[in-house]
Amino acid sequence: MKFSLLAEAALRLLYPESCNICRTLLKLSESTLCTDCGSDLETRRIPLENKSPVPYLHRHWALYSYETPAKELLRDLKFHQKTWLLKAFTPGFKDFTVSFNSKVDWIVPVPLHHGKLITREFNQSLLISKILSKKLGIRVFHALKKPYATPLQSSLSKRERRINLWGSFKVSSPDK
């Protein structure tokens, strides 16, 4: 144990690690985010379960509101291939899996259009789904497909984002 801590300290001395939000140098006990930014992220948690306004989707879950710092972390994850930033959400994942007591058939990741997947090289929704699947023992089911590309959501207004995705997802296996 002491050796690994010493090795980590030596690595941090040679390659200092900074907070992925405020860019301050991290202490040896910190990872991905500094204590202040990590606390700020945790204050952005939202109630776990919400009734869904979408027909046939009874409930949905969200861990954090899409605002600073979660918004910046997710943007860096998606657009700069910083997949290690998922570690910042570990406390949320842990609390979610502990408090999760609902009957769920599958975890369904939101798909990317195949052209976007080639460009980005990964689907962040699928990465998160796999983490939750492993922790909850619930199968990931690719129930949706995105047959055509749409403009980037980040380039649109809130109203345009709602319209942009309308009808852009299809059920991949309607029989299931």
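Numbering-wise (the working numbering), the sequence shown opens with residue 3 and increments by one.
Cβ atoms here follow ideal geometry from the backbone N, Cα and C, with glycine treated the same way.
Span of the alpha helix (DSSP H) holding residue 42?
Unbroken alpha helix (DSSP H) run through residue 42: 37-45.
I'd like the span of the alpha helix (DSSP H) that includes residue 22, first residue to last.
Where residue 22 is concerned, there is no enclosing alpha helix (DSSP H), given that its DSSP letter is neither H nor E.
Which stretch, first to last residue, makes up the alpha helix (DSSP H) that contains residue 97?
Counted as a single uninterrupted DSSP element, the alpha helix (DSSP H) harbouring residue 97 occupies residues 92-101.
Taking residue 138 as the reference, give the member of 119, 48, 95, 27 with the closest Cα.
Selected option, being the one with the closest Cα: 95.
For the alpha helix (DSSP H) holding residue 126, just list the boundary residues, first then last.
Bounds of the alpha helix (DSSP H) holding residue 126 are 126-138.
Please confirm whether residue 36 and residue 30 have their CB atoms less than 7 angstroms apart.
For the pair residue 36 and residue 30, the CB atoms are not nearer than the 7 angstroms cut-off.
When you compare the CB positions of residue 172 and residue 153, do they come within less than 7 angstroms of one another, or not?
Between residue 172 and residue 153, the C-beta spacing is not below 7 angstroms.
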